[in-house]
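Below is one structure; the comments refer to it alone.
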Amino acid sequence: MRQNFFIALVFIFASPTLNQHVLTNIPFECKGRLDGFWRDLRYCDVFHACIAGEHKRSYGCPQFGEKFYFDEKAQM
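Sequence positions in the sequence shown follow mature numbering (1 follows the signal peptide of the UniProt record, and there is no 0) and run -19 to -1, 1 to 57.
Following this line, the structure appears as structure tokens:
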């Protein structure tokens, strides 16, 4: 699981295509959360990256057809 998380972080931070979908000014608290990606309960098309209890970045969810999707269990 931790290895998959690291690979996903490397891919997200290194990918120019995904970096275009980095969102700003969306409040989210990572304190008390495990490292990983977390969906936003207020905005269904947004997820957040938390590392060491800090909020690192917010992203728009990938779109499949007409729906935006983020699977918290699969962390993708």
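Even glycine gets a Cβ: it sits at the ideal position worked out from N, Cα and C.
In the DSSP assignment, the residues bridged to Glu35 are Ile32. In the three-state reduction of the DSSP assignment, Gly17 falls in the strand class. Taking C-beta separations shorter than 7 Å and ignoring five residues to either side along the sequence, the partners of Phe28 in its chain run Phe18, Trp19, Arg20, Asp21, Tyr40, Cys42 and Phe51, following chain order. The closest CA to that of His36, considering only Leu15, Arg23, Asp16 and Cys11, is found on Cys11.
Per DSSP, reduced to three states, the secondary structure at Tyr40 is strand.
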